[in-house]
Each structure stands twice: as structure tokens, then as C-alpha cells.
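Each residue of the sequence shown is one higher than the last, beginning at 1 in full-length UniProt numbering.
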Amino acid sequence: MAELILSKLFSLKERVAVVTGGSGVLGGAMAKGLALAGARVVVLGRNEARAGAVVAEITAGGGESMAVVADVSDRSQLEIARDYIIQCWGEIDILVNMAGGNIPAATITADATIFDMPHAAFEEVVSLNLLGTLLPCQVFGQAMAEKNQPHGCIVNISSMSAIRVISRVVGYSAAKAGIDNFTRWLAVELAQKYGDGMRVNAIAPGFFIGEQNRDLLLNSDGSLTVRGQKIIEHTPAGRFGKSDELLSTLIWLCSSGASFVNGVVVPVDGGFSIYSGV
């Protein structure tokens, strides 16, 4: 009996999930995890070949998935993607906003100051992360809200830099802090206007190795850089996270097991966010 109850609580069978940035290391892991939980997964990204590779892994494992090419900063592309998904699979139930990133020009290096940073670089990173979360929420969230019985789950991706000061990454930090606030705001907005079937939460990953941060955290021989060593020293778990360690939190937030969880930002960080270093 207990196994049946757990299966029902955390199953995503027949639900349609859209993962923006689903072709990256963490996005791909999330897409594959949702598929393992039973969801039909749309891997949405700008690079068709990379998105297709994730889809191929999902389908090889018996899951159902398709790649859709769209830029999260382009509303018209997202609307075309939304309409195509609904035409193919009937509805959209889950949105995971994994797309985002940083650029060197919005990062303050050791030999520079905040006064040197071009405002256009700051604007670009904030747009990529914050606007790149807002637009999918508007486009795909509307499809959830306009059902006969509105329901859907949005999971945004925050960061440790939203809650702790992490040197250098000024544009990225500001954008992720905005995502935290927007997550809470949107959770209230949708629940009040469309009912308790609409939920918005976020995950704040700690330090995981991906394409963008690998060279910052690891040397070519796999040893830690100075920055990587500092992070490990401030992570009680004593290591970086593994991509599949995000999956249980993601599946929980997307499932009926979290039906009364709304507007939270869940750290998955090995204790980084709670440790003072003393």
C-alpha cells in the first residue's frame, strides 16, 4: 500500500514537461530525470543537434521526448514552440526554466573594478537570465492557466549567488536574485487568480560542474583551481554536486506530492548556503 501511495504522489506519468536550456549538463539531467518519472519531455534550446542528443538518450531509455528549437529571449519563437507542443501533445503541465548563464564582460576580474564593467554586459546577463525566465513563464504559463481547470507547475532555477555574496559574478548574481523574487511574486499572482492548481517554485543549486564554470573550478588535470578550493572549503559536504542530485527535488516540486508547496526556493547545495566558514 505504501509503495502505491508513493508512486502516485511522485509519478509524472502522462504530464508534458518543457525544459528550457535542456541541452546543457544540468538541463539535460533534469530532462532525463523528468522522463524517468514518466513525463513526456520537450527539450527546448537554441541548438537543435544538442537538444536532439538529449532526446535520443531519453527515447533510448524508453521515454517520450522531442526537441524544439527556440530562443528564450524571443517571445514569438516561444509562442510558436508552445503552439506546436500543444498541437502534438495536447497540453503543457510543467515548465522548468533552466536556460541562463553568464558572460565574461559582466564578471569583475581581479585586476578590474565595478567601475570598469560596461552596463551593456550587465544588461545582457540580466536579460538572459531574468527575461529568459519571465518570457517562458508568460508564454507556457498562459497555456497552463487557460485550461478548463487551470493547473501547472513552474520551476525556476536560482543560484547560491542570489542569497550569498559571491565575488566577481555581479550581473549573474543580480539576475538570480531577481528570479528569487519573481518566483515568489508569480506564485502568489497565479494562485490568487487561477487557483491552487497553479504553482511556482525554484531550485537553487550549489556548485555543480558545467560547461560554463569548468575552467573556473577545475584545472586541466582535474585538480581544483584556487576558486574551486575556496568553494569546497565552504561546502560542508566537501565536494561539488552531481547533476542527478537535483532530480529528486525537481520531481518532488513537479509532482502532486508538493501540491501545497508554493513560492519556495529550495537549496540543493551540500550546505554551502548555511555555512559561515567558521
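We put the CB at the ideal spot given by N, CA and C, even for glycine.
| Item | Value |
| --- | --- |
| Does Gly45 come out as helix, strand or coil in the three-state DSSP assignment? | strand |
| Spatial neighbours of Glu57 within its chain, please: C-beta separation below 7 Å, excluding the five flanking residues on both sides. | Lys32 |
| Report yes or no: do three or more beta-carbon pairs, one from the region 267-278 and one from the region 216-236, lie closer than 8 Å? | yes |
| CA-CA distance, Phe115 and Glu123? | 15 Å |
| Excluding the five sequence neighbours on either side, which residues of its own chain have a C-beta within less than 8 Å of the C-beta of Leu134, listed in chain order? | Phe182 |
| Which class does Thr20 belong to by DSSP, given the choice of helix, strand or coil? | strand |
| State yes or no: is the C-beta of Cys254 within less than 7 Å of the C-beta of Leu12? | yes |
| Quick check on this structure: which residue in Cys137, Asp215, Lys242 has the alpha carbon closest to the alpha carbon of Thr20? | Cys137 |
| Can you give me the C-alpha to C-alpha distance between Leu9 and Ile92, rounded to a whole angstrom? | 19 Å |
| Along the chain, where does the alpha helix (DSSP H) that runs through Ala177 open and close? | 170-194 |
| Do Ser243 and Ala99 count as a contact pair if the criterion is CB distance below 7 Å? | no |
| Exposed or buried, which one is Ser256 when buried takes at least 16 other CB atoms within 10 Å? | exposed |
| Enumerated in chain order, which unbroken segments of the alpha helix (DSSP H) with a length of 4 residues or greater are wholly contained in the region 75-125? | 75-89 |
| What did DSSP end up calling Arg50 once you bin it into helix, strand or coil? | helix |
| Tell me whether Val169 is buried or exposed, calling it buried when 16 or more other Cβ atoms sit within 10 Å of its Cβ. | buried |
| Look at the alpha carbon of Gln77 and the alpha carbon of Ala70, and state the distance between them as a whole number of angstroms. | 5 Å |
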